[in-house]
Amino acid sequence: MDSSRVARSSAIVLATLNAKYIHASLGLRYLLANMDKHGGAGLRAQTQLREFVIGQPATRMVEELLALQPEVIGLGVYIWNVVETTQLVRLLKTLKPEIKIVLGGPEVSHEVEQQEICRLADHVVTGWGDVSFPKLCRSLLDGPKPLMKVIPGEQPALDELALPYAEYTSEDLAKRLLYVEASRGCPFKCEFCLSSLDKTAWAFDLDLFMAEMEALYRRGARNFKFVDRTFNLKIDNSVRILQFFLDRIQETPDVFVHFEVVPDSLPDRLKELIARFPDGSLQFEVGIQSFNPEVQQRISRKQDNGKTADNLRWLVSQSRAHVHADLIFGLPGETLQSFAEGFDRLYELAPHEIQFGVLKRLRGTPITRHTQDFAMVYDPQTPYTILQNSTVDFAAMQRIKRFARYWEMVANSGRFALGLRLLLAPGSAFHHFLNFSDWLWETTAKTHEFALEKLVDLLFDHLTQVRGLNEQDVRAALLTDYQASGARARPRCLAGLLGSGQKPQSAGKGLSERQNRHLSQQKNLREDIRQAAAAA
Numbered sequence: 214m215d216s217s218r219v220a221r222s223s224a225i226v227l228a229t230l231n232a233k234y235i236h237a238s239l240g241l242r243y244l245l246a247n248m249d250k251h252g253g254a255g256l257r258a259q260t261q262l263r264e265f266v267i268g269q270p271a272t273r274m275v276e277e278l279l280a281l282q283p284e285v286i287g288l289g290v291y292i293w294n295v296v297e298t299t300q301l302v303r304l305l306k307t308l309k310p311e312i313k314i315v316l317g318g319p320e321v322s323h324e325v326e327q328q329e330i331c332r333l334a335d336h337v338v339t340g341w342g343d344v345s346f347p348k349l350c351r352s353l354l355d356g357p358k359p360l361m362k363v364i365p366g367e368q369p370a371l372d373e374l375a376l377p378y379a380e381y382t383s384e385d386l387a388k389r390l391l392y393v394e395a396s397r398g399c400p401f402k403c404e405f406c407l408s409s410l411d412k413t414a415w416a417f418d419l420d421l422f423m424a425e426m427e428a429l430y431r432r433g434a435r436n437f438k439f440v441d442r443t444f445n446l447k448i449d450n451s452v453r454i455l456q457f458f459l460d461r462i463q464e465t466p467d468v469f470v471h472f473e474v475v476p477d478s479l480p481d482r483l484k485e486l487i488a489r490f491p492d493g494s495l496q497f498e499v500g501i502q503s504f505n506p507e508v509q510q511r512i513s514r515k516q517d518n519g520k521t522a523d524n525l526r527w528l529v530s531q532s533r534a535h536v537h538a539d540l541i542f543g544l545p546g547e548t549l550q551s552f553a554e555g556f557d558r559l560y561e562l563a564p565h566e567i568q569f570g571v572l573k574r575l576r577g578t579p580i581t582r583h584t585q586d587f588a589m590v591y592d593p594q595t596p597y598t599i600l601q602n603s604t605v606d607f608a609a610m611q612r613i614k615r616f617a618r619y620w621e622m623v624a625n626s627g628r629f630a631l632g633l634r635l636l637l638a639p640g641s642a643f644h645h646f647l648n649f650s651d652w653l654w655e656t657t658a659k660t661h662e663f664a665l666e667k668l669v670d671l672l673f674d675h676l677t678q679v680r681g682l683n684e685q686d687v688r689a690a691l692l693t694d695y696q697a698s699g700a701r702a703r704p705r706c707l708a709g710l711l712g713s714g715q716k717p718q719s720a721g722k723g724l725s726e727r728q729n730r731h732l733s734q735q736k737n738l739r740e741d742i743r744q745a746a747a748a749a
């Protein structure tokens with residue numbers, strides 16, 4: 214058991230529900246690091262951090278929190294945990310109403326008066342909490358008592374913040390993906406994103422930041438996910454950061470770094486460094502979202518589609534980075550056909566994964582200004598996914614949601630390389646997969662709980678019975694895919710072809726062991742990060 218988990222009383226407890234254990238909350242660690250700096254000496258010593266995982270029984274979480282005998286509990290609230298956190302607050306207030314519950318995070322920073330969780334809590338800090346939360350805790354403990362329930366977060370200059378990286382424990386470094394940020398904010402105004410509310414992007418002092426990265430590395434950190442919305446916005450800083458990690462990879466080959474990049478800005482200085490990273494060490498999240506110029510303009514997204522395509526093509530063909538490209542379905546004015554054209558254009562550029570999401574109405578985002586003109590109807594329950602709009606009716610939206618789920622299982626799983634080629638060609642990859650998705654739903658009425666062997670058989674049946682492809686060719690492709698997956702069962706369509714003494718090939722043939730390990734971690738994180746819309 215980690216020594217940090219030993220129960221001891223604490224006046225203040227910082228807590229959140231992460232999507233998975235491998236996540237580590239950067240926001241809570243910022244609060245922890247700034248308790249003394251902005252709340253007064255001695256406050257950090259009175260504060261403990263507790264992280265839970267969605268799916269844990271609420272009563273068990275309450276039991277652990279109450280065992281610490283806190284006077285104040287601060288909870289980080291996000292789109293992916295608000296339902297579970299609301300129940301947590303209900304139980305805490307039922308059992309110990311005298312404990313002060315303080316909420317913070319993007320989900321409760323907007324539309325506060327409309328949310329049950331905000332009504333249950335004692336205080337809500339909106340926006341940045343690094344300064345305001347410690348000050349509030351000092352007032353709650355020592356007075357004078359705060360008069361306001363909703364407290365607008367102060368936004369200090371970045372050099373006034375204590376950096377949080379020393380708050381990562383040895384267990385975090387060994388077992389979890391570490392979130393880091395070289396900058397905050399975003400200068401772009403894409404209306405589906407909360408970062409559109411920022412006035413600009415602010416960079417942390419680079420010397421100080423790099424010293425913190427060096428300290429993490431020397432302590433044993435090997436997995437770094439940058440949450441910067443625009444990592445390659447300031448090229449000089451980007452070059453220095455990339456060079457830092459490239460140098461460390463020469464010392465320790467299992468370093469892994471993830472960045473989100475602006476897709477139409479990839480100057481030669483960056484390309485020269487990116488090309489030097491080995492397999493399995495570098496991953497890029499490339500936000501495409503839409504290739505439709507009218508939709509881009511409507512949602513205030515500035516993107517040079519030609520440069521974006523050229524840069525994506527270069528990343529895939531000239532670097533060894535693992536490339537994820539994002540698309541969003543349901544944007545105002547996007548039709549099924551225009552989205553299909555954009556999807557096919559992206560598929561032809563051959564990113565390693567297409568992360569296909571459906572629009573969500575994050576609280577506070579300007580996308581709501583299109584609600585009336587485009588008849589945008591959203592699910593009132595988290596994660597507030599769009600249900601229909603003026604160009605895509607509810608039935609079509611349901612088809613696309615199933616498409617997204619099946620795409621994740623089949624295309625992004627990496628287990629059907631040859632089978633996918635047969636499925637998606639010739640012609641429109643989007644329409645081929647949509648037809649497969651419709652058939653899969655009609656055949657199984659399921660979107661989850663598919664065993665790999667069952668998927669192999671279903672894909673075989675679709676390709677041979679619906680598409681009319683040659684059985685021998687399809688069976689040969691699926692046999693190769695199945696052997697490469699490392700699975701050991703017996704799909705019906707491959708009966709007699711998998712001898713009992715035959716040893717399956719490695720699941721990562723052609724990939725390094727390091728890449729397989731890191732990509733496996735990333736697959737576990739993808740869904741949660743996508744739902745969050747803006748990382749940590």
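With my numbering as the guide, the letters of the sequence shown map in order to residues 214 to 749.
Virtual Cβ for every residue (Gly too), placed ideally from N, Cα, C.
Only a predicted model underlies this, so the values are computations on that prediction, with no experimental measurement involved.
What does a CB cutoff of less than 7 Å around residue i pick up in its chain, not counting 5 residues either side in sequence?
i    : result
T298 : L230, L288, V290 and I330
L410 : G577
N524 : P476, D477 and L479
P365 : T339 and G340
L241 : L227, T229, L262 and G289
Measure from the alpha carbon of residue i to the alpha carbon of each residue in the options, then state which is nearest.
i    : options                   : result
P480 : L528, V440, A254 and L421 : L528
T307 : G546, L279 and N294       : L279
V434 : F417, I462 and L665       : Looking at the sequence itself, residue 434 is Ala, so the reference to Val does not match. Selected option, being the one with the closest Cα: I462.
A375 : P400, D249, W293 and R263 : D249
E373 : K388, E473, D343 and E384 : D343
E380 : V363, N683, L244 and G268 : L244
T465 : G555, K233 and S494       : S494
L371 : F422, A387, A334 and Q259 : F422
D335 : P310, P319 and P596       : P310
P579 : E324, L239, H236 and G252 : E324
K362 : V321, L386 and D355       : V321
V315 : P283, G268 and R453       : P283
D674 : F649, K659 and E326       : F649
R221 : G252, Q261 and L256       : Q261
G546 : G570, E561, V508 and A534 : V508
S352 : V285, K667 and W654       : V285
E384 : E561, T677, P369 and A237 : A237
Using a Cβ-Cβ cutoff of less than 6 Å, which residues in the same chain neighbour residue i once the five nearest sequence positions on both sides are dropped?
i    : result
K438 : L390, Y392 and H471
L419 : N450
T521 : P476 and D477
Y430 : R461
Reducing DSSP to helix, strand and coil, say where residue i ends up.
i    : result
W341 : coil
P365 : strand
E757 : Any answer about residue 757 is impossible in this case: the structure gives the chain only from 214 up to 749.
V358 : The amino acid occupying residue 358 in the given sequence is Lys; Val does not appear at that position. Here K358 sits in coil by DSSP.
A228 : strand
L301 : helix
T598 : strand
F569 : strand
L288 : strand
L685 : Checking the sequence shown, residue 685 turns out to be Gln, not Leu. The answer is helix: DSSP assigns Q685 an H, G or I state.
V296 : helix
V590 : strand
H661 : coil
H336 : strand
S713 : Residue placement at S713 cannot be trusted, given a pLDDT of 46 that sits under 50; what the coordinates show is reported in the next sentence. Here S713 sits in coil by DSSP.
What are the boundary residues of the alpha helix (DSSP H) that residue i is part of?
i    : result
N648 : A642 to T657
A563 : Where A563 is concerned, there is no enclosing alpha helix (DSSP H), given that its DSSP letter is neither H nor E.
I235 : No alpha helix (DSSP H) holds I235; DSSP gives it neither H nor E.
V669 : L665 to D674
G252 : M248 to G252
I330 : E329 to L333
L256 : It is not in any alpha helix (DSSP H) - L256 carries neither H nor E in the DSSP assignment.
R705 : That residue, R705, is in no alpha helix (DSSP H); it is neither H nor E in DSSP.
Q611 : F607 to V623
I'd like the span of the beta strand (DSSP E) that includes residue i, first residue to last.
i    : result
F437 : N436 to F439
G317 : K313 to G317
V266 : T260 to V266
A424 : It is not in any beta strand (DSSP E) - A424 instead sits in the alpha helix (DSSP H) that spans L419 to R432.
A414 : A414 to A416
Any beta carbon of chain B sitting closer than 8 Å to that of residue i?
i    : result
Q550 : No chain B appears in this structure, which consists of one protein chain only.
Exercise. Which parts of the stretch 375-409 are runs of the beta strand (DSSP E), unbroken and 3 residues or longer, counting only runs that do not cross its ends?
Worked result: 391-393 and 396-398
Problem set entry | alpha helix (DSSP H) segments (min. 4 residues) lying fully within the stretch 453-499 | 481-487
Exercise. Which runs of the alpha helix (DSSP H), 4 residues or longer, sit entirely within the stretch 487-561?
Worked result: 506-511 and 518-531
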